[in-house]
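Below is one structure, written out as structure tokens, with a few remarks after it.
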């Protein structure tokens, strides 16, 4: 794929005007969390799901910051990507993934997908009797802390951009910060296929960033959990296209930090000092998933179980 193919991308950045954020707290789930050290739920794994491989960037950060925690991961590889699906379809897929994890026993659910966090997070918080964390709110907080010009760019899927979730989350933290969204549809398939470096991802990233450069942003939020795998490319191109002062916010890292703080505040952290175990489930192509997952996680992946939803 050369420059000619990339020219088919839209050149017009989407400026999304912040509006009122309605924060939905899962009061019922919060009320069920015991602060007693003997709470048996402390021994349960953390459930994490995404449409495919991208959520493993969140898993990697969780295992770095909470190494004693067991993690149960589900990648819906039979139906990836979610970012081009209708809201109704995303809701249906998200409910199926969440139920599959809950049925296997988890203490908390991390929605490691920006599209699902934008479209289905509130539904999951209402329907599930356990805490549910998304990736948009932590990423928004990190972006507000990082920007000096109060002009933030968001690279994300078309679904996340259309939802307006990042502008709402950022507006709730800083009413003076403007948010400019840019759909980056080529990046997820590049990551899923393992095209993580070289000229092809560099050209794609540069084209997306050029439209944000016209908006004078100084922070770029990686608004899809697939994108941190391309962080080196995105950071280098951000400094080249936007200027040396540009910074990149990784929503996966911010989410893991919020999770760590949540577990500590609710006394839900694993009591064991052993290294936590990682179990991975997919809905299709387990061997292909294992091959690319090793690049996400930085270590070999030996076993992936295929399930039906």
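Residue numbers (my numbering): 55 to 363. Glycine included, each C-beta is placed from N, C-alpha and C at the ideal position. The structure displayed is predicted, hence computed values, not measured ones.
- Counting of Cβ neighbours within 10 angstroms places residue 123 among the buried residues, the total reaching 16 or more.
- If you draw a 10 Å sphere on the C-beta of residue 280, you find 16 or more other C-beta atoms in it, and that means buried.
- Under a 10 Å Cβ-count criterion, residue 327 is classified as exposed, with fewer than 16 other Cβ atoms of the shown protein chains found around its own Cβ.
- In the structure shown, the three-state DSSP call for residue 166 is coil.
- Residues 168, 169, 172 and 277 of the same chain have their beta carbon placed closer than 6 Å to that of residue 214, with the five preceding and five following residues left out of the count.
- Between residue 249 and residue 174, the alpha-carbon positions lie close to 29 Å from each other.
- In this structure, residue 189 sits near residue 112, with a CB-CB distance shorter than 8 Å.
- When the five nearest sequence neighbours on each side are left out, the beta carbons in the same chain lying within less than 7 Å of the beta carbon of residue 198 are those of 224, 227, 228 and 231, in order along the chain.
- Residue 258 carries a helical assignment under DSSP once its states are collapsed to helix, strand and coil.
- Around the C-beta of residue 92, fewer than 16 other C-beta atoms lie within 10 Å, and the residue is accordingly described as exposed.
- Contact between residue 116 and residue 310 is confirmed by a C-beta separation of about 5 Å, below the 8 Å threshold.
- Counting along the chain, residue 338 sits inside no beta strand (DSSP E), nor does DSSP assign it H or E at all.
- Of the candidates 304, 313 and 266, 304 places its Cα closest to the Cα of residue 284.
- Contact check between the segment 128–136 and the segment 325–343: three or more CB pairs, one atom from each, fall below 8 Å, which counts as touching.
- Residue burial annotation: residue 282 is buried, with at least 16 other C-beta atoms found within 10 angstroms of its C-beta.
- Taking a C-beta distance under 8 Å as the contact criterion, residue 274 and residue 322 do not qualify as a contact pair.
- Under the rule that a run must span 4 or more residues, the alpha helix (DSSP H) segments found entirely inside the segment 288–329 read 305–319.
- Here residue 97 is exposed. Its C-beta has fewer than 16 other C-beta atoms within 10 Å.
- Of all alpha-carbon atoms in 134, 287 and 246, the one lying nearest the alpha-carbon of residue 262 is that of 287.
- Counting other Cβ atoms within 10 Å of its Cβ, residue 104 reaches 16 or more and is therefore classed as buried.
- Beta bridge pairing from DSSP links residue 127 with 102 and 334.
- Per DSSP, reduced to three states, the secondary structure at residue 241 is helical.
- DSSP links residue 207 through a beta bridge to 234 and 274.
- In this structure, residue 182 sits near residue 152, with a CB-CB distance shorter than 8 Å.
- Residue 353 and residue 235 have their C-alpha atoms spaced approximately 33 Å apart.
- Residues of the same chain with a CB within less than 7 Å of the CB of residue 299, apart from the 5 flanking positions on each side, are 272 in chain order.
- Residue environment: residue 135 is assigned as buried (16 or more neighbouring CB atoms within 10 Å of its CB, all protein chains considered).
- Annotated as proximal: residue 110 and residue 350, with beta-carbon spacing under 8 Å.
- By the neighbour-count criterion, in which 16 or more other beta carbons inside 10 Å mark a residue as buried, residue 325 falls on the exposed side.
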